[in-house]
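Under the numbering used here, think of the first position of the sequence shown as 37, with each following residue one higher.
No residue lacks a Cβ here, since even glycine has one placed at the ideal position from N, Cα and C.
Structure record follows, encoded as structure tokens.
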Amino acid sequence: MSNCSTCPSKGKCGKNEDSCGIKNNPKNKIKHVVGVMSGKGGVGKSSMSVLLAKELARQGFKVGIMDADITGPSIPRLMGLEKEKAYGTNDAIEPVIDKDGIKVMSLNFLMDDENQPVVWRGPIVGNAVRQFWSDVVWEELDYLLIDMPPGTGDVALTVLQNIPVNGVVMVSTPQPMVSMIVSKAINMCKQVKVPVLGIIENMSFVECPDCGKRIEIFQHKNTEEFLENNEVELWAELPMMDCVSAIYKDDDFTVETVEKIRSYMKPAADKLTAALK
Numbered sequence: 037m038s039n040c041s042t043c044p045s046k047g048k049c050g051k052n053e054d055s056c057g058i059k060n061n062p063k064n065k066i067k068h069v070v071g072v073m074s075g076k077g078g079v080g081k082s083s084m085s086v087l088l089a090k091e092l093a094r095q096g097f098k099v100g101i102m103d104a105d106i107t108g109p110s111i112p113r114l115m116g117l118e119k120e121k122a123y124g125t126n127d128a129i130e131p132v133i134d135k136d137g138i139k140v141m142s143l144n145f146l147m148d149d150e151n152q153p154v155v156w157r158g159p160i161v162g163n164a165v166r167q168f169w170s171d172v173v174w175e176e177l178d179y180l181l182i183d184m185p186p187g188t189g190d191v192a193l194t195v196l197q198n199i200p201v202n203g204v205v206m207v208s209t210p211q212p213m214v215s216m217i218v219s220k221a222i223n224m225c226k227q228v229k230v231p232v233l234g235i236i237e238n239m240s241f242v243e244c245p246d247c248g249k250r251i252e253i254f255q256h257k258n259t260e261e262f263l264e265n266n267e268v269e270l271w272a273e274l275p276m277m278d279c280v281s282a283i284y285k286d287d288d289f290t291v292e293t294v295e296k297i298r299s300y301m302k303p304a305a306d307k308l309t310a311a312l313k
């Protein structure tokens, strides 16, 4: 069982000691644990996790990303770390650190070939997530972002019930089908008493490359109804941008492109830091 006296989220996560079943690593001092969730695949949740982490790091915070999408990990490739490997001892695993100082742990760092499938049943997947919390040497972090898989199944339950998560950031797109499934994830968080801090809407619109006009492909009435029905706040809207899918190439970005991405992500990062003060 966990020990609340050594937990980095003591007094902040809303759980009692009996309900938190993962042993805390005494080497780690993590101030805030944030789940990044959607319930729906294909909305750009992992991309938003990376962009949010990069913005927090640019603001001077110590940041880590736990890739909890065990059977479909994408964080290493999104961060240009697909050739890196994690290493460990008998009782600890050292995360990979990117050029911005962001600490990252993903199952792909422990595999010989990233293209090999992870054919594991739920309990084994859950154990991997537990090890990423208890065995990885995150050391001192201001924010640990947990990139969660789609759905409301085993991994989501393991993270929300067993790790001292301070809150969840939801990622959505302005489509009725997506909103319905993300609503399920929001209601799941409510059931386990983990606060939903805010929403990032990805693929919200398209910017005309000639005049910069905002073109809304989907009806934003759906977004307004979704926010009102779920009593959540919209933190940021990101357009469809090719550069978002090529985050790992940010060394090749122009200053203008970097500033444009920051203009969309900074409000979300600012809202997150304010919500968890």
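Two segments are said to touch when three or more pairs of C-beta atoms, one from each, lie closer than 8 Å; by this definition the region 207-218 does not touch the region 117-125. Within the region 163-226, the complete alpha helix (DSSP H) runs of at least 4 residues fall at 190-198. Closest in alpha carbon position to G158, among D134, W169, G189, R298, is G189. Distance from the CA of S82 to the CA of Q211, rounded to the nearest whole angstrom, comes to 19 Å. By the criterion of at least three beta-carbon pairs nearer than 8 Å, the region 173-185 is in contact with the region 83-90.
The closest CA to that of L143, considering only S170, V173, M115, S110, is found on S110. By the criterion of a C-beta distance shorter than 7 Å, S240 is surrounded in its chain by P210, E273, L274, P275, once the five residues flanking it on both sides are discounted. The region 238-262 is shown to contain no whole beta strand (DSSP E) run of 3 or more residues. Here N151 is exposed. Its C-beta has fewer than 16 other C-beta atoms within 10 Å. Closest by C-alpha distance to F97, out of D178, I253, I106, Q227, is D178.
Around the CB of T259, 16 or more other CB atoms lie within 10 Å, so the residue is classed as buried. Excluding sequence positions up to five before and after E252, its CB lies within less than 6 Å of the CB of F241, all in the same chain and listed in chain order. Judged by DSSP in its simplified three-state form, M115 adopts coil rather than helix or strand. According to the DSSP assignment, A128 belongs to no beta strand (DSSP E), since it is labelled neither H nor E. Linking G203 to K90 through their CA atoms gives a straight-line distance of about 19 Å. Inclusion of W174 and I101 in the CB contact set at 8 Å is not warranted, their separation being larger than that value. Residue state for K67 is assigned as strand, using DSSP reduced to three classes. With 16 or more neighbouring CB atoms inside 10 Å of its own CB, G71 falls in the buried class.
Shown here, M84 sits in a helix according to DSSP, grouped into three states. In terms of Cβ geometry, V191 and A311 do not form a close pair [threshold 8 Å]. Contact between P245 and W271 is ruled out by a C-beta separation of about 26 Å, above the 8 Å threshold. One Cα belongs to M216, the other to N126, and the distance between them is close to 44 Å. Cβ contact annotation for Y300 (same chain, cutoff 6 Å, sequence separation greater than five): A272, L274, in chain order.
DSSP, reduced to helix, strand and coil, places K98 outside both helices and strands of the structure shown, so it counts as coil. Relative to P200, the option among N238, P131, P62, V69 whose CA is nearest is V69.
Assignment of D103 by DSSP, reduced to helix, strand and coil, places it in the strand class. For W271, the enclosing beta strand (DSSP E) covers residues 270-273.
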